[in-house]
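Here the structure comes first, spelled out in structure tokens, and everything after it is commentary.
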Amino acid sequence: MSSQERTWKTIESGPHTYEEALHPVVRKNYGKWKYHEIPKPGVLKHVAESGDAIWTVRAGTPRQDTVDKVRLLCDIADKYSDGYLRFTVRNNVEFLTPNGENVEPMIAELESLGFPVGGTGMCVSAVSHTQGWLHCDIPATDASGVVKSMMDTVYNEFKDMQMPNKVRLSTSCCSINCGGQADIAVVVKHTRPPRINHDHLVKTCELPKAVARCPVAAIRPTVVDGKKSLMVDEAKCICCGACFGACPAMEINHPEHSKFAVWVGGKNSNARSKPSTMSLVAHNLPNNPPRWPEVTEVVGRILTAYKAGGRPWERIGEWINRIGWKRFFEETGLQFDDNMIDSYRHARTTFNQSAHIRF
Amino acid sequence: MSSQERTWKTIESGPHTYEEALHPVVRKNYGKWKYHEIPKPGVLKHVAESGDAIWTVRAGTPRQDTVDKVRLLCDIADKYSDGYLRFTVRNNVEFLTPNGENVEPMIAELESLGFPVGGTGMCVSAVSHTQGWLHCDIPATDASGVVKSMMDTVYNEFKDMQMPNKVRLSTSCCSINCGGQADIAVVVKHTRPPRINHDHLVKTCELPKAVARCPVAAIRPTVVDGKKSLMVDEAKCICCGACFGACPAMEINHPEHSKFAVWVGGKNSNARSKPSTMSLVAHNLPNNPPRWPEVTEVVGRILTAYKAGGRPWERIGEWINRIGWKRFFEETGLQFDDNMIDSYRHARTTFNQSAHIRF
Amino acid sequence: LNETPMLDQLESGPWPSFVSGFKELAERTKKPMLRGVLDQLEYSYQTKMGYWKGGLVTVDGYGAGIITRYSMIKDKYPEAAEFHTMRIQPAPGLHYNTAMLRELCDTWEKYGSGIITLHGQTGDIMLQGIEQDKVQECFDELNQNGWDLGGAGAGMRTGVSCIGQGRCENACYDNLKLHLDALKHFSPQVHRPEWNYKLKFKFSGCPNDCTNAIMRSDLAVIGTWRDAIDIDHDEVKAWIAERGVDALVNNVINHCPTKAIMLKDGDIDISTRDCVRCMHCINAMSKALSPGKERGIALLMGGKNTLKVGVNMGSLIVPFMKMESDEDREAFLELIEEIIDWWDDAGLDHERIGETIERVGLKQFLDGVGIEYDINQISRPRDNPYFKAKY
Amino acid sequence: LNETPMLDQLESGPWPSFVSGFKELAERTKKPMLRGVLDQLEYSYQTKMGYWKGGLVTVDGYGAGIITRYSMIKDKYPEAAEFHTMRIQPAPGLHYNTAMLRELCDTWEKYGSGIITLHGQTGDIMLQGIEQDKVQECFDELNQNGWDLGGAGAGMRTGVSCIGQGRCENACYDNLKLHLDALKHFSPQVHRPEWNYKLKFKFSGCPNDCTNAIMRSDLAVIGTWRDAIDIDHDEVKAWIAERGVDALVNNVINHCPTKAIMLKDGDIDISTRDCVRCMHCINAMSKALSPGKERGIALLMGGKNTLKVGVNMGSLIVPFMKMESDEDREAFLELIEEIIDWWDDAGLDHERIGETIERVGLKQFLDGVGIEYDINQISRPRDNPYFKAKY
Ligand code: SRM
Ligand code: SRM
Ligand code: SRM
Ligand code: SRM
Ligand code: SF4
Ligand code: SF4
Ligand code: SF4
Ligand code: SF4
Ligand code: SF4
Ligand code: SF4
Ligand code: SF4
Ligand code: SF4
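So the sequences go chain by chain: A, B, C and D.
Per this note's numbering, the first sequence runs over residues 1 to 359.
Per this note's numbering, the second sequence runs over residues 360 to 718.
Per this note's numbering, the third sequence runs over residues 719 to 1109.
Per this note's numbering, the fourth sequence runs over residues 1110 to 1500.
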């Protein structure tokens, strides 16, 4: 359709307005909430200064939804929460209702439709994740499939509140990690330098851009068959894949050599300790669709050890800070190795510059 | 004297042997000590598994000693500690005796000779220091004079044990800081780029060495009056003085522009917290011989605030970690400024990457 | 539908299955694109490689907002030749009424595949699967209903807000309002990217940072307060009566990062001067403790993930700004404008603002924008003498 | 003596005055060099500049150990034309008997100025103030009495030891013996520097690190133990009886960095697995607690001060080695030899070994020398995926 035929003039309206999307009780008590309780898994109760209370029922979704699923959720909202619903930043759906008696029937109906109610308090909530083979142009794996496999194994932890504190999971289909830092993150790790597709290179890439993208200056201009091209200094290359984002001919993805790594201890909130980045604790795990058992097994081990050893309110990283990395590896049965020793820009700040030693 | 005339053939013996320098009671109980007490300032009592006890009397010295002073100390040792004495890593002298009754007369005699007895336990001990104008080839100030001025003002704290924990001071006469990291350190800070003495340069310097020494690549080869020389990119130069050590013609020292900075929170031991480097808390203080009142005043403020606010066993850096830097500046009356924001290689690791804020 | 034996294995197990969802939608709507996408995805599972490549599709007057995907193997799966995504900005806080949402579904089913991601990590509704020649019409219909495209490329990105004052007792400012104002203000930069690189806003009502703002956004707007924590002493006593003093010590007092909480005669006392507003005690004692009355925001800058320089968290830049009136919001947006101007000047291509600040120096950045120095911006003063001061 | 009005101001005040000492010595010995040095120092105080320049003076067969100083203003102060320092290695632990020390003083008064620094920061006796043509004779006489020169330049430097097992109940190995063996072993490298840069040993008997080894030496040898802290429970109870349980909690238990100490029925219990051997509880309860029985050393490497890269603390390289027999000491010295070989290969000119490790990488260093990886070497695993593993 060419722009000439248009009758509508674009309104650059930005985000959708929210007033009309707030439940009247929310609107009334906006900014005047007093406290909250978590009466049971998947249910929050917030009480306002006015004395009004609002119940929230939270449930898991596939996140890669369809209009059909969304309409189902709308049906629930129309039936139990006056036609209002919202989503959390972790892709759970929430129904807010001032009618406490709607909570149980709503839970029953959500469960019967296959939406697990939970994800509140000290649980393993849904996974922050990414696109993968479904949509992205640079993924080495799928995202939704890994998530489904992981959530199947931690399903009970989503529906319960038996963890020392919240557990946030993320997955990412390349090292860029659009999934984000998390208590436990499952992220693709390339293990071989990119193979250069010289035929594509000249057609699809701005050479200087690709050269500039490499964080370790491993890409150099060269000439192949009389044509300008690029080469990779494989000794220098750290297999980060940054070049592939800038130039699709720098083929970093590989069915066998693109592996998984598992990271722990990311924390985004400021509660107690400052936010912290996550640390590498397992790598060279196979990219094994459709169920990625090796990856979910490692995640399971970490959760089991944390559940057994963490003290109330300790996030995974805080638990490790208390018991030390040595015990973390012992208690999870994972193996520390030399690749986990930092070698990047601020590596020195991760060396143990003390005689504090655990035997 | 030429080597031909020598009759003695060098023995590369290394450190002097120590057996004959140990008190017989020390030799007997070597490696078999059980515990210690600090009966009073300047006195230690160590008890061995055998039941033997040895008393130590510790006293301050000028460190820049003379044969006369050393012979005086030998007299004391001959009289009270069977002819044995030692020095601590902080230039205090120690006399070890198994005779408890020698302690008091020894203290009296040391004091009468001008050697203050103290420096033990939770005190301000003697200053770790350097050569300065007395001997070094690159100093911007004197060391012994600054030390004398500081110790005169904290004399009572040396002789007492009223601090929350040990306080270690150091001073240094250039930014190299041979004096070392300390709870409070007083270190020269140059504030202007080096002036290049082109006449000397060619005679006294290896040009490539000087260029290589600069940590920020601010030195470039140039030609002056037809002769090879060097120039400094003043916008880049961070006034560190490294080049001056490699090339005396890079004149960094200046009677007015070489100033003092004061640093706090260095900690070398592993007790409780890991060792930590010190932080800049005051600078642009004048180099003001013979008594450096501005510098000793700042040191005094810090000690006063720490003495009032530190909890038992907290070193200065640990105290600050608990109360936060904001309160440190408030309680000492020192002024935080933009130059204290790190700009060097690992600066990012010093940014407050959290919403932890003190108002 | 064709056989998808590997994908089918993702239909078992208790967690809701996206595969089942897609298949049901495909069965009902018979859209060929859905069959093609399922086939190509199955092929990816079989061969362990991805087969989409990018391109450029936009709507009239915009330079961003559509993530274009062409199949690299369209000879094999012609039905999946095109599978573009429209990023749509939801209401701040991800609030919907069913009317809005049903309308959105209807439009999307009319023009696109019917697959919706709720929500993308940057906060967009992602309408996934549309062909290029349907994009403009689809947009026009959405736009008439109050929806607009989100960000992509080197411009302002869609924002994220927590539910904030809509439900949360911890919210220290009206983040939904600020989000709406800010993203409206920067609409031109959302739709016509022209900076060095992307710029993301996230708005958290308090330091719990339920939007991961510090870690995942260039401009993290975090609610905080300047006065004392509000203590309801009766509720403190009730808490202790219910849970015991051991729980208070082990789970609250001992977790305070700065040891600011004292146990006193069966009650607690908080040294405001030592409190760093971490939220923990308030989280643990929701009924008894609340943020103080003098509320506002802190601005942190520079959060981003791993690419190139390694993960970087946002650094505190402005410890406190009031955020109550329209004037407050305007002053805030002016500051952001100045920050962006500085970055436009000082930054390099494909350099996030946090990278620029790290490369150029925090002090230089503060000077450049004219932001006051504050000891809260750093966790410690420098440990090296490597600076040249202006004396 | 000439007038020294500024220096004279350093004669008042309670702390012992080096100026008074120098003046008394000058009065008694009438050595012109002393007068000249006082005059030049006074001139430095007046003009706020230093006036010494370096040069090269050595003794027969040695390339280091004398710090040469010529006056830059010898026309003004001819008596201070030369003022060289001889660095002398004292006994480990800085122990003396008066016979040794008097002999040293006598030799020094015969050939030099009579000024002695006890001690230099690197652990030398510094005999300050001798003329070039007296150096060899002075050395020969000292050497006959068992003294040898210390280090300078790009070689092995003099070592430092704490008093260790000579008096301290915390000493976990015989540091005086190891110091003596190590510095004897490296005598050639002390006297004939030929490395990239200086290399310093410091030997602390325990993690209190009374020699500042971690901060100030390339090779920090720190005593430690592998088993449980030795608890004398009767003494614990006596401690509590004397000082109270509050003191125990506030001053001991709460200060344990890893919360390894539990209060239990009026006694304490230590979780050895969680103890990081920081020494604090042992320091605070000297009678009740001691390091365990399985003692040895930890090796940290790379401590140095500010120059060029900014202060760097030593990093843990070998968490534990036994250090009891001569074989243990030999094995240790072999390891150090290998480390030095690696540094000789991998290092650059004027690059301390800690700088080399940082530049080349800790893993590469461990691989290069063949040291086992240990989780204790780092405070956390990497937070970036930027490595290429050998799979
Ligand atoms: C709904 C939601 C915000 C939204 O508008 O979307 C939300 C809502 C609440 N958060 Fe959150 N948080 C939400 C995402 C987050 C995130 C971000 C994320 O998950 O991606 C974080 C940061 C996580 C991190 O650190 O990595 C987050 C860190 C917290 C914390 C701090 C946890 C800690 O101790 O470290 C609290 C405090 C608490 O748990 O009491 C908190 C507390 C709360 C409270 C109790 C606030 C309140 O009083 O209403 C809300 C109910 C919590 C619950 O689920 O038990 N919320 N919260 C998000 C629900 C996610 C989900 O579906 O699972
Ligand atoms: C004699 C000396 C070692 C030597 O052979 O020279 C020594 C001797 C003792 N030290 Fe030390 N330390 C000595 C320098 C140091 C240093 C290094 C320095 O001062 O340059 C440190 C590291 C300082 C730092 O962290 O910056 C040091 C950190 C300690 C500590 C840990 C202090 C802390 O809590 O941070 C202890 C533990 C204690 O105080 O109980 C300690 C404890 C001791 C004990 C109690 C050990 C014992 O059981 O015998 C000794 C008596 C201490 C006293 O003076 O109260 N010693 N001690 C040094 C005396 C210096 C002086 O004259 O003032
Ligand atoms: C769709 C989404 C993942 C998802 O399934 O949710 C996504 C998908 C992509 N991200 Fe992302 N990122 C998405 C949120 C993020 C986040 C999380 C966030 O915003 O909170 C991050 C980490 C935080 C950050 O900003 O660093 C993120 C960090 C990146 C980066 C690395 C940026 C960096 O400087 O480190 C890139 C690469 C780049 O920009 O060159 C990237 C690039 C991409 C590209 C455009 C791949 C590319 O370069 O071609 C992906 C397009 C996928 C597709 O086909 O749709 N994506 N990306 C998220 C956006 C949805 C939305 O609009 O709501
Ligand atoms: C004499 C002494 C200061 C004192 O009064 O105690 C000293 C004096 C000098 N030091 Fe030092 N340093 C002395 C201990 C230190 C220490 C402390 C230590 O060893 O524990 C350090 C910090 C720790 C370290 O090793 O980094 C130290 C770090 C330096 C440095 C910087 C090294 C670095 O890599 O950062 C230099 C400059 C250089 O080597 O180029 C230096 C250079 C110098 C020179 C040679 C100046 C020069 O480059 O021309 C000074 C000669 C002064 C003189 O005339 O005698 N001095 N120097 C100390 C040696 C006495 C001895 O042998 O016992
Ligand atoms: S993590 Fe990588 S592969 Fe996955 S969506 Fe983001 S950019 Fe694409
Ligand atoms: S993978 Fe990373 S390190 Fe290797 S060439 Fe590409 S950008 Fe450079
Ligand atoms: S600190 Fe600098 S000026 Fe002072 S002795 Fe050391 S090198 Fe010389
Ligand atoms: S003072 Fe330092 S930064 Fe300046 S030119 Fe010399 S070495 Fe370089
Ligand atoms: S960030 Fe704070 S205000 Fe927002 S939902 Fe989370 S706890 Fe509530
Ligand atoms: S908010 Fe955090 S820092 Fe402040 S008192 Fe509570 S726990 Fe302590
Ligand atoms: S380092 Fe340890 S062994 Fe040596 S003196 Fe200090 S406390 Fe004693
Ligand atoms: S030595 Fe240190 S870490 Fe070990 S129990 Fe004692 S205080 Fe805790």
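For every residue, glycine included, the Cβ atom is placed at its ideal position computed from N, Cα and C.
query: What did DSSP end up calling H951 of chain C once you bin it into helix, strand or coil?
result: helix
- prompt: Of the residues that make up the segment 337-358 of chain A, which ones have a beta carbon closer than 9 Å to any beta carbon in chain B?
  reply: R345, H346, R348, T349, N352, Q353, S354, A355 and H356
- prompt: How many angstroms separate the CA atom of D313 of chain A from the CA atom of L1442 of chain D?
  reply: The sequence given here has Trp at residue 313 of chain A, not Asp. Near 48 Å, if we compare the C-alpha coordinates of L1442 of chain D and W313 of chain A.
- request: Let me know the secondary structure DSSP gives T581 of chain B once reduced to three states.
  value: strand
query: Would the beta-carbon of C596 of chain B be found less than 7 Å away from any heavy atom of ligand 8?
result: yes
query: Along chain C, which residues have their Cβ under 9 Å away from the Cβ of R681 of chain B?
result: T976, K977 and D992
- prompt: Pairing CB atoms from the segment 1394-1402 of chain D with CB atoms from the segment 1325-1342 of chain D, are three or more of them under 8 Å?
  reply: yes
query: Are T489 of chain B and S531 of chain B close, meaning C-beta to C-beta below 8 Å?
result: yes
task: Report yes if the C-beta of A1291 of chain D is less than 7 Å from at least one heavy atom of ligand 11; otherwise report no.
output: no
field: For C928 of chain C and Q862 of chain C, the rounded distance between their alpha carbons
entry: 32 Å
- prompt: So with Cβ pairs under 8 Å, would you call S1380 of chain D a contact of chain B?
  reply: no
- request: In angstroms with no decimal places, state the Cα-to-Cα distance between C74 of chain A and L85 of chain A.
  value: 8 Å
- request: Taking E111 of chain A as the reference, give the member of A:G42, A:D337, A:N321 and A:R291 with the closest Cα.
  value: A:G42
message: Quick check: what's the CA-CA separation for D183 of chain A versus R934 of chain C?
response: 15 Å
message: Using DSSP's beta-bridge definition, name the partner residues of V1478 of chain D.
response: Note: V1478 of chain D sits in no beta bridge, so no partner.
- prompt: When burial is assigned at 16 or more other CB atoms within 10 Å of the CB, is Q521 of chain B buried or exposed?
  reply: exposed
- request: With 8 Å as the threshold, decide whether the Cβ of Q1298 of chain D is near any Cβ in chain B.
  value: no
message: Using a Cβ-Cβ cutoff of less than 8 Å, which residues in the same chain neighbour M360 of chain B once the five nearest sequence positions on both sides are dropped?
response: Here the model assigns M360 of chain B a pLDDT of 46, short of 50, so the residue's position is not dependable and the matter cannot be decided.
field: Collapsed DSSP secondary structure at G1238 of chain D in the structure displayed
entry: strand
task: Select from A:A347, A:K148, A:I316 and A:E94 the residue whose C-alpha is nearest the C-alpha of R272 of chain A.
output: A:I316
task: Provide the residue span of the beta strand (DSSP E) that contains L280 of chain A, from first to last.
output: S279 to L285
N1111 of chain D burial status per 10 Å Cβ neighbour count (16 or more: buried): exposed
- request: Could you name the residues of chain D that C433 of chain B contacts, counting a contact when the two beta carbons are closer than 7 Å?
  value: T1207, L1210 and R1211
query: Apart from the five residues on each side of it in sequence, which residues of its chain come closer than 7 Å, Cβ to Cβ, to I1448 of chain D?
result: V1478
task: Spell out whether any CB of chain D is found under 8 Å from the CB atom of A261 of chain A.
output: yes
message: Which same chain residues end up closer than 7 Å to P553 of chain B when comparing Cβ atoms and leaving out the 5 residues on each side of it in sequence?
response: V591, C602, F603, M609, E610 and I611
query: With distances taken between CB atoms, is the gap from F87 of chain A to L896 of chain C smaller than 8 Å?
result: no
- request: Check whether the Cβ atoms of T876 of chain C and R787 of chain C sit closer than 8 Å, and answer yes or no.
  value: no
Simplified DSSP state of T349 of chain A, which is helix, strand or coil: helix
- prompt: Using CA coordinates, which residue listed in B:P574, B:G624, B:H616 and B:F517 is at the minimum distance from Y1109 of chain C?
  reply: B:H616
query: Can you tell me the Cα-Cα spacing of S1222 of chain D and T1194 of chain D, whole angstroms?
result: 10 Å
message: Quick check: the Cα distance between G1264 of chain D and K1293 of chain D, rounded to an integer number of angstroms?
response: 14 Å
- prompt: If you count every other CB in all the chains shown that lies within 10 Å of the CB of R348 of chain A, and 16 or more means buried, which is it?
  reply: buried
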